[in-house]
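**Q** Submitted below is the structure of interest, expressed as structure tokens.
Number of protein chains: 8
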Amino acid sequence: MTKEALKELLEAVAAGETAPEDALEQIRLQPYRDLGFAKVDTQRGVRQGAAEVIYGAGKTVDQIIAITQELLASGEKSVLITRLSADAAAAVGKAVPLFYDPTAKLAVAGERPAQSDTGHIVIATGGTSDIPVAEEAALTAEFYGNRVTRLYDVGVAGVHRLLDNTALLAEARVVIAVAGMEGALASVVGGLVDCPVIAVPTSVGYGANFEGLAALLAMLNSCASGVSVVNIDNGFGAGYLAGMINKM
Amino acid sequence: MTKEALKELLEAVAAGETAPEDALEQIRLQPYRDLGFAKVDTQRGVRQGAAEVIYGAGKTVDQIIAITQELLASGEKSVLITRLSADAAAAVGKAVPLFYDPTAKLAVAGERPAQSDTGHIVIATGGTSDIPVAEEAALTAEFYGNRVTRLYDVGVAGVHRLLDNTALLAEARVVIAVAGMEGALASVVGGLVDCPVIAVPTSVGYGANFEGLAALLAMLNSCASGVSVVNIDNGFGAGYLAGMINKM
Amino acid sequence: MTKEALKELLEAVAAGETAPEDALEQIRLQPYRDLGFAKVDTQRGVRQGAAEVIYGAGKTVDQIIAITQELLASGEKSVLITRLSADAAAAVGKAVPLFYDPTAKLAVAGERPAQSDTGHIVIATGGTSDIPVAEEAALTAEFYGNRVTRLYDVGVAGVHRLLDNTALLAEARVVIAVAGMEGALASVVGGLVDCPVIAVPTSVGYGANFEGLAALLAMLNSCASGVSVVNIDNGFGAGYLAGMINKM
Amino acid sequence: MTKEALKELLEAVAAGETAPEDALEQIRLQPYRDLGFAKVDTQRGVRQGAAEVIYGAGKTVDQIIAITQELLASGEKSVLITRLSADAAAAVGKAVPLFYDPTAKLAVAGERPAQSDTGHIVIATGGTSDIPVAEEAALTAEFYGNRVTRLYDVGVAGVHRLLDNTALLAEARVVIAVAGMEGALASVVGGLVDCPVIAVPTSVGYGANFEGLAALLAMLNSCASGVSVVNIDNGFGAGYLAGMINKM
Amino acid sequence: MTKEALKELLEAVAAGETAPEDALEQIRLQPYRDLGFAKVDTQRGVRQGAAEVIYGAGKTVDQIIAITQELLASGEKSVLITRLSADAAAAVGKAVPLFYDPTAKLAVAGERPAQSDTGHIVIATGGTSDIPVAEEAALTAEFYGNRVTRLYDVGVAGVHRLLDNTALLAEARVVIAVAGMEGALASVVGGLVDCPVIAVPTSVGYGANFEGLAALLAMLNSCASGVSVVNIDNGFGAGYLAGMINKM
Amino acid sequence: MTKEALKELLEAVAAGETAPEDALEQIRLQPYRDLGFAKVDTQRGVRQGAAEVIYGAGKTVDQIIAITQELLASGEKSVLITRLSADAAAAVGKAVPLFYDPTAKLAVAGERPAQSDTGHIVIATGGTSDIPVAEEAALTAEFYGNRVTRLYDVGVAGVHRLLDNTALLAEARVVIAVAGMEGALASVVGGLVDCPVIAVPTSVGYGANFEGLAALLAMLNSCASGVSVVNIDNGFGAGYLAGMINKM
Amino acid sequence: MTKEALKELLEAVAAGETAPEDALEQIRLQPYRDLGFAKVDTQRGVRQGAAEVIYGAGKTVDQIIAITQELLASGEKSVLITRLSADAAAAVGKAVPLFYDPTAKLAVAGERPAQSDTGHIVIATGGTSDIPVAEEAALTAEFYGNRVTRLYDVGVAGVHRLLDNTALLAEARVVIAVAGMEGALASVVGGLVDCPVIAVPTSVGYGANFEGLAALLAMLNSCASGVSVVNIDNGFGAGYLAGMINKM
Amino acid sequence: MTKEALKELLEAVAAGETAPEDALEQIRLQPYRDLGFAKVDTQRGVRQGAAEVIYGAGKTVDQIIAITQELLASGEKSVLITRLSADAAAAVGKAVPLFYDPTAKLAVAGERPAQSDTGHIVIATGGTSDIPVAEEAALTAEFYGNRVTRLYDVGVAGVHRLLDNTALLAEARVVIAVAGMEGALASVVGGLVDCPVIAVPTSVGYGANFEGLAALLAMLNSCASGVSVVNIDNGFGAGYLAGMINKM
């Protein structure tokens, strides 16, 4: 509530136009429902312009169903659920209508939103093994109404595969670079485009990769400008942010 | 060079409109000047929409002067130099016209570009000690023509200082959250706004801060959506990326 | 044994009021029973004001039963057992009367102690996935006779959920802040209250969370005063310490 | 501002007893002064029961003087400044009346507060080299009106030195255990007392100590109950928290 | 395409000998087949002198079969597949002719290439447990036509076993030193031979070995000259590089 | 072979007393049997005064049986096998006579050696969960003919349990201190005795224990003199070294 | 004080042979002098068989002088001071008679003790740069009356230098292996001798040596039996322990 | 000495052709001079085909001079000294004829060897700041008689600078890729050439670069085949190994 809005409200109270009780509600109305184990943010769409998302890992199936139903009941048409195992998805799918993608381990409860044609997000991966993370990003971006082009297996050890797609990259408003191992894709892409690059390190690799640490550090140290980084394997975060930028 | 441009060029050669030698030049023209110790990218403005930047750390004063002069000679009106010590700035300033900010350790050679009024970047810091990094971001964004508002010392241990400025934050097209210690500022800001948040961990702190590692990990693990992270103390990177997004 | 007590005892020996053998026993009486694999502290209640606790992880079911029976036989009315798997609890429950909470993986052998109304401990979590650790803390504090209020899923990315409960926080004599991911909850809570805050980092998260390291470092670097930290996922330690402070 | 207080205020506005402008001020009155580079919390004493503290590291002398003067001007009788170098202290001392302790690198601007006799904090160190951190804790606790007893150089490699002081430890309401190297002091103390132990790892040591990491990890893994940990070398944090608990 | 080749092509276009469309193809001909989830490099043999290799980990069986068939169809006589589980090998073996080594978890699809007698690679291991990694290196080197001698279990704690084989080592053109635990084998071998030594740290060990980190750091710090290091457990990388050097 | 021995041998060859072939054998006789996958040191007893040991982890059952049989055939009366799973022990036990201890996961093939009464090794643990590692140490020391006293569950959080056994500790020629969590046992023991203390960190603990790293670092930083450290969970190494010192 | 001694004392009190006050003194006599900043252990020679040592780092010159004088006054003939800078040594030398070795940064106050001829300690280093740490070990061992042979610069990259000295190594009762970089010396030595090997990692090296971490981890993972490890650069600890073992 | 050589020697002794004393010398002749603080390898040229090198860091000027003079006296025409500070070089240069390169901090004592034209080593750097490490590699390779081409400042963020030099890279027999920050250069180069690539991570960068760790991990995880890695900033190691391979 901005200072101006608050001032107006107080003046309305002083003028007798608004009852103190109602003003109290307006100032302190809880923008969430309290389920005990979760405080569900039912007005996040209003406040932040995008519906609440359920991070499935570490929640029981019953908790996921309850939160989903609460959100659908509060008026959300569709709810995104990330990090949902196939088993959990089967169980949740019995309680609410559910689309589930087993590669990305991502579900949409309720209606699947329509995609928009505004702008263009390119999602590139270093290798085939990075695809699950890339799909989490792609499906998230599509959930929020963005157009996505997938450009998979263009790692820097065969840089001609990437250079062959510079025209495609040039059309993007945002690029998501998903790579494990040495994570160099973000830097090379960052040098080829003039739009924001969101780098997603993946845990693909072994040994001195240390579960994605190698790619993470490489991306944080990128010598290309315009690159920022999200958590290891955080396809959702990249897809969400890319959509936010794409719509600006 | 896009596929279409290449096709046109080849047709011009076939038609005798362009000599093979000229086509060769056009295809392979080096978009940089080779100084031996550096390959200066004199056409980056054309390719990526923003002029080349000189990262001052680890370069000798002579190298910095030579690269700066090469860029100014190639038509750049102003050149940004980051991580420049006061001593080095004094020396460089004798060779080329130089604006220098000792807090941000950042210089502009040639003319200082005019700021634009398009959009709005808010730069918030957790504390007073984070200001040098924040100023590197602010001056970088201003160099590229963005309007910047500084909101310093609004760390989460006194969260009312931040909440008191939600109206300001709501107007931003991009927010840069600069914080050391526990780096929580990025998460709290990320939950308050619906625009991209660029998180900059700083090396401010001691002990288990491990030179900024604590803030870096915290920011990468932010539970708020729309947050991405750049390297520790990388004010330049945040300012550059924020400007890129602000102008979309 | 204090210097004064020792002096009195020696004078009693000199006066013939106490036999040397009895004095020997008083000075050296072993305050534990030796089971070979464990030295059970049967007089800890006398010495430290709180009964012995069994850390279940890494002990066999037979060892847990033997220690529990030894403690109950020595006069303890109830024994707390932490980190007990559901399978082990089922086995132990056949040998001794047992209350078991599967979320917290915590058991009470013998009678469940009554709660007191003295003071008030608030236990807050960043998210739903942190609840198992929070319940370990809550049940531990309740075992030692403290009143506990649970305030779950109030993470800083939706800071209004926390601010909406400042009145509740203001009543607390101690707050336990349980959070994974970026662990920022402790700092924000620490800035809102004027009582001790015990921060419990959890291993909830993934990637650069590194099994709770991110939250641990963040909490150790909290810019709020009055915050101290226990081990990752150490709900018991937080609950025990909170009870100790609450009763002061 | 609690819900009840807000309700009363709104009713006063409705009743015409309070003007909307005044209510606005009361709701939104900034509890800090904005110096640009710092937002000084001039009402923290009211809100959190203890005056604002200035963390000296990373601030310029001019900034420290300005913040100190602002706090003194707003009614604080004394201001604590930590991590202040001897050189900076000399400069600050020219602008405001200043007590400075070179061992603890801690200063008090304005009047030094009187100590209280309520309760008792014991501060123990493993060795002589840990004394600077211990003194930061001791002087902080004394600043907030607590009685402190120093018990220095009682490390566990000569455990009789500690056991010889069990009577002293038994009288404490809080113990601060300050130790570098292997940090075992906290565990041994924790097993001897029935009051809260605040463990402060120090960076004293070399090699595999890794600047205090060894002691930090040891203290976090303490097998004694009732122990919590603050950041490496964070004497201030321990002293502040100990005072908070001592006064309960 | 070298500058000279490009110039000739352009002159041919100017002379009408080559159609612009054909030149376009020659310049931009994609040296890979795009399967969507993978961009298969069908001309790597031409470009880099060695056929494409499939890294099996993280790919589905269907993906591995499709890439293998694409490579065989494009003219490769044999395809190397590394990190292939026994189960996956059984499934792939139904689709294409396959040789599989369960110790090295390495397969060859199509014909097994003949070995050459040129030069000589010695592969030494510190212990018996390092053999799986050593065999990955050995079979890779043999796949590319090199002669390999295995020298297993010659760790430095019984240095006579190694010294007894100095004559064998002296004949090698390249030595691969495979060792876990303290990884000292590389340094001792490096001091005995005058040819390149490729060090392969393995994850064999426990505790402070940290999954191969101890051996990796030791090998990177080798005081012997002529030693370089590949990733932990990267037998393939060592075998490939050794073959490359052996054939020079 | 010492310089003197070699000189004598050469003089015998010059004098015709020893044939060159025999001298060659004496100089180069392989003190091991080569099984291909292992080079079994059949004369280690002669060279180092203690029979060869088989580290079971990472070896196949067939390899363990073959090495054991080779050693028994070469004249060893008993062979120690460490880190042997219960399943592997069952399989090996069918091929050679075998004593197996499931707690220590340690086996003796052939005859179990008699214990000696010379000297005395005390093995202390911090807790019950450290017993498996302690038993590996105890059984190893006993295998090599040493007298061992077990002193389990004497962690520093109840330091009276340890102090109650100072007489026992005073009789030891070597003490092995086995502890996880904060690993403080080694320092306290080191301050109580005047004999060597071998510290064995264990992986017992959780969270910031990082699989034994906390205890390892604490023990390396022990402020007590006379303490040295072996690898995490390395009961064998401690038992072997303790026996070596005990017999001096 | 053992149980038996205590019993006898109490019986003497009961018999009137010892006054309670005297018994009190005997039981509780502080075996240290309290200087406030240090509790000096003046009877450690009695209790542990070796005089107190002063760790110079982190102590002021005044503190070192006071502790040294206290020890000399209490009857010690000589006092060892480690980690003493040349400047501090000059200052201390004005207050007490002092021998100082600038390479080892080690001093002896009072008389230098005579060396013994009992047994034999060999101290080997990997390189010339490890000598300062080795000298700290050597001078410490000599201070406690041991015979020491120095064997410097015998690193494993030229293993013949070490093998050439096997006769010398065979005579040792203890070997101290001092090495930085990859720390392999300990393993090779461990395989050549049948006496305890104390490994001292040094911080000699650069890059992935990480201040001695590489050597430390290598030594902890040594595949040779009979090797234990002290802290990085801890020459004193190794020399002290070696002397303790040598005299058994 | 090979088995065959030894057999021949022994037969010569038996035949009276060689005296036992001479044989002794031949077998055991110490291939080094013992200076006490160093064992100088005066025959390494014979044994390993390349003269001894002096690693200057951590040695005193006197030690460096003594070793250099010993090597020159033993017949070496030139001696390479690495990691030599400018001050030390000035001092050494007074004792022996010395060429010194201040950028690489590398010196040649005695004559500078002539370069060869055999083969070709290309040394590429990511940036200007990596040049000191690259020059250490270049001058080392030239010292051992190799032809070197420098290709500086071709980092992947401007990949056209590298692609523009593919012809040059194609001519190389070995490529050394020197890069800090994200270290991606090695991977991109590795994908362009069919010769061995030696990757040298540098400590150029800041923040999450962690003194070269980011580049090191990236290079170890390179998805390109034919890449191996040396220690951070180890220009010498790369230059030495490259020369070894170039001459094969």
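Residue numbers (our numbering), protein chains in the order written: chain A, 6 to 253; chain B, 6 to 253; chain C, 6 to 253; chain D, 6 to 253; chain E, 6 to 253; chain F, 6 to 253; chain G, 6 to 253; chain H, 6 to 253.
The C-beta atom is built at its ideal place from N, Cα and C for all residues, glycine as well.
As the structure is a prediction and not an experimental result, all values here were calculated from the model.
(1) Listing by chain order, which chain E residues have their CB less than 8 Å from the CB of I203/H?
(2) On the three-pair Cβ rule with 8 Å, is the region 150–162 of chain H touching the region 198–206 of chain H?
(3) Could one say the Cβ of A189/F lies closer than 7 Å to chain D's Cβ atoms, at least one of them?
(4) Among L103/B, A184/B, V127/B, D27/B, whose alpha-carbon lies nearest the alpha-carbon of V234/B?
(5) Hey, is N170/A's beta-carbon within less than 7 Å of any beta-carbon in chain B?
(6) How should D122/A be labelled, buried or exposed, when 16 other C-beta atoms within 10 angstroms of its C-beta is the threshold for buried?
(7) Select from G98/H, D135/H, P107/H the residue whose C-alpha is nearest the C-alpha of P206/H.
(8) Mapping DSSP to helix, strand and coil, what is V209/H?
(9) So which of G63/C, A219/C, V209/C has the shortest CA-CA distance to A62/A?
(10) Tell me whether P107/F is buried or exposed, calling it buried when 16 or more other Cβ atoms sit within 10 Å of its Cβ.
(11) Beta-carbon separation of R88/F and H125/F under 7 Å?
(12) For K44/H, which of helix, strand or coil comes out of DSSP?
(13) If I'm right that A143/C touches G244/C with Cβ under 8 Å, what's the distance once you round it to whole angstroms?
(14) Do we get a CB-CB distance below 7 Å when we pair A78/H with the residues of chain G?
(15) State the beta-bridge partners of G115/D as determined by DSSP.
(16) Considering only the beta carbon of each residue, do E187/G and N226/E sit closer than 7 Å?
(17) Quick check: the Cα distance between D67/A and D67/F, rounded to an integer number of angstroms?
(18) What does the alpha-carbon distance come out to for the pair L167/F and R155/F?
(19) If we define contact as Cβ-Cβ less than 7 Å, is R152/C a contact residue for chain A?
(20) Taking all protein chains shown into account, do 16 or more other C-beta atoms lie within 10 angstroms of the C-beta of G21/H, making it buried, or fewer, making it exposed?
(21) Taking buried to mean at least 16 other C-beta atoms within 10 Å of its own C-beta, is E147/D buried or exposed?
(22) Under a CB-based cut-off of 7 Å, is A28/G close to chain C?
(23) So, at 6 Å on beta carbons, what are the nonlocal neighbours of V51/H in its own chain, with the 5 sequence-adjacent residues on each side left out?
(24) If I'm right that L246/G touches G80/F with Cβ under 8 Å, what's the distance once you round it to whole angstroms?
(25) Using a cut-off of 7 Å between C-beta atoms, extract the partners of I128/F located in chain C.
(26) Please classify A175/D as buried or exposed, where buried requires at least 16 other C-beta atoms within 10 Å of its C-beta.
**A** Walking through what the data contain:
(1) Position 198 of the eighth sequence, counting from 1, holds the residue named residue 203/H. Chain E residues near I203/H: S233.
(2) no
(3) Within the sixth sequence, residue 189/F is the residue found at index 184, counting from 1. Yes, contact with chain D.
(4) Position 229 of the second sequence, counting from 1, holds the residue named residue 234/B. Residue A184/B is the option with its Cα nearest to V234/B.
(5) Working through the first sequence from its first residue, we reach residue 170/A at position 165. Cβ-Cβ to chain B under 7 Å: no for N170/A.
(6) For the purposes of this step, residue 122/A is identified with residue 117 of the first sequence, where counting begins at 1. By the 10 Å Cβ count, D122/A comes out exposed.
(7) Taking the first residue of the eighth sequence as position 1, residue 206/H is located at position 201. Measuring from the Cα of P206/H, the nearest candidate turns out to be D135/H.
(8) Here residue 209/H refers to the residue found at position 204 of the eighth sequence. Coil at V209/H, not helix or strand.
(9) If you number the first sequence from 1, residue 62/A lands on position 57. The option with the nearest alpha carbon to A62/A is V209/C.
(10) For this step, residue 107/F is matched to residue 102 along the sixth sequence. By the neighbour-count rule (16 or more Cβ atoms within 10 Å), P107/F is not buried but exposed.
(11) Against the sixth sequence, residue 88/F aligns to sequence position 83. Against the sixth sequence, residue 125/F aligns to sequence position 120. Contact flag unset, no.
(12) By one-based count along the eighth sequence, residue 44/H stands at place 39. Of the three classes helix, strand and coil, the one that applies to K44/H here is strand, per DSSP.
(13) As a first step, residue 143/C is located in the third sequence; it is residue number 138 there, counting from the start. As a first step, residue 244/C is located in the third sequence; it is residue number 239 there, counting from the start. Contact holds; Cβ gap of about 7 Å.
(14) If you number the eighth sequence from 1, residue 78/H lands on position 73. Not one chain G Cβ lies under 7 Å of A78/H.
(15) As a position in the fourth sequence, residue 115/D is number 110, starting the count at 1. According to DSSP, G115/D shares a beta bridge with S83/D.
(16) Within the seventh sequence, the letter at position 182 stands for residue 187/G. Within the fifth sequence, the letter at position 221 stands for residue 226/E. Going by C-beta atoms, E187/G is nearer than 7 Å to N226/E.
(17) The sequence position of residue 67/A within the first sequence is 62, counting from 1. The sequence position of residue 67/F within the sixth sequence is 62, counting from 1. Their Cα atoms are separated by approximately 49 Å.
(18) Numbered from its first residue, the sixth sequence carries residue 167/F at position 162. Numbered from its first residue, the sixth sequence carries residue 155/F at position 150. Between L167/F and R155/F, the C-alpha separation is close to 12 Å.
(19) Within the third sequence, the letter at position 147 stands for residue 152/C. False, the Cβ-Cβ gap to chain A never drops below 7 Å.
(20) The residue you call residue 21/H lines up with position 16 of the eighth sequence. Under this definition G21/H is an exposed residue.
(21) In the fourth sequence, counting from the first residue as 1, residue 147/D sits at position 142. Buried is the call here.
(22) Taking the first residue of the seventh sequence as 1, we reach residue 28/G at position 23. Yes, contact with chain C.
(23) On the eighth sequence, position 46 is the one that residue 51/H refers to. Residue confidence is low: V51/H scores 45 on pLDDT, short of 50, so the model does not pin down where it sits. No coordinate-derived value is stated.
(24) For the purposes of this step, residue 246/G is taken as residue 241 along the seventh sequence, with counting starting at 1. For the purposes of this step, residue 80/F is taken as residue 75 along the sixth sequence, with counting starting at 1. Not really, about 35 Å apart at Cβ, beyond 8 Å.
(25) Numbered from 1 along the sixth sequence, position 123 holds the residue referred to as residue 128/F. Listed by position along chain C, the residues whose Cβ is nearer than 7 Å to that of I128/F form an empty set, because the closest Cβ is around 13 Å away.
(26) As a working mapping, residue 175/D is identified with position 170 in the fourth sequence. The residue is exposed, with fewer than 16 neighbouring Cβ atoms inside 10 Å.
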